[in-house]
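Peer 1:
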Amino acid sequence: MSNPITIYFELDENVDIEEIKNDIEQGLLPIEEIEESDVQIPEQRFTGLEIAAAIGAVILVTENAGKLIDTSTELVNKLTELVRSIKGLKAAIVETPDGPRPLVDMTAAELVSLAQEEY
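So the working numbering is basically just the index in the sequence shown, starting at one, shifted up by 1067.
#1: Rounded to whole angstroms, what is the Cα-Cα separation between Tyr1186 and Asn1144?
#2: Go ahead and pull the three-state DSSP assignment for Leu1078.
#3: Taking Cβ to Cβ, would you say Leu1095 is nearer than 8 Å to Ile1087?
#4: Taking Leu1146 and Ala1159 to be in contact with their CB atoms under 8 Å, please state how far apart those CB atoms are, rounded to whole angstroms.
#5: What residues match up with Ile1160 in a beta bridge as DSSP calls it?
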C-alpha cells in the first residue's frame, strides 16, 4: 500500500468553499493513478503554510501508478489541470518531508516516489 500524499488547494477570496470541495472530489475520481482520496475543509491554517483559505486533500496513489504514468498523462499534469479547471482555485501545494512544494514544481516521478517513501 502506498503512503498518503497531502495536497493543499489554495483558494481565491470570496468563493463557495463547499462547492469547490465538491468540484475537487469529483475531479479526483476519474484520475486512475489515484486509488482513494479524502477532501476536507480545515478549520485552521496549515502548519508551515501561509494560506488563509484552502482545502486539504489526502490521496493514495495506486501501487502500479508508475506503470500508469508511463502510458498516460502524468499525474502532476492531471492534478494541475484539475486546479486550472476549477474556478476559485489558485494553486496546489504538496506536503513533502522537506516542507511544502508547489505542485507545478514537481514531476510525476517525484509524486510516485513520495507515495512510496518510508517515513
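Glycine residues also receive a C-beta, built at the ideal position from the N, C-alpha and C atoms.
Peer 2: Result, derived from the coordinates:
#1: In this prediction, Tyr1186 scores a pLDDT of 48, lower than 50, which makes its location untrustworthy; the coordinate-derived value is nonetheless stated afterwards. Looking at the two C-alpha atoms, the distance is approximately 26 Å.
#2: Correct three-state label for Leu1078: strand.
#3: no
#4: 6 Å
#5: Tyr1075 and Pro1169
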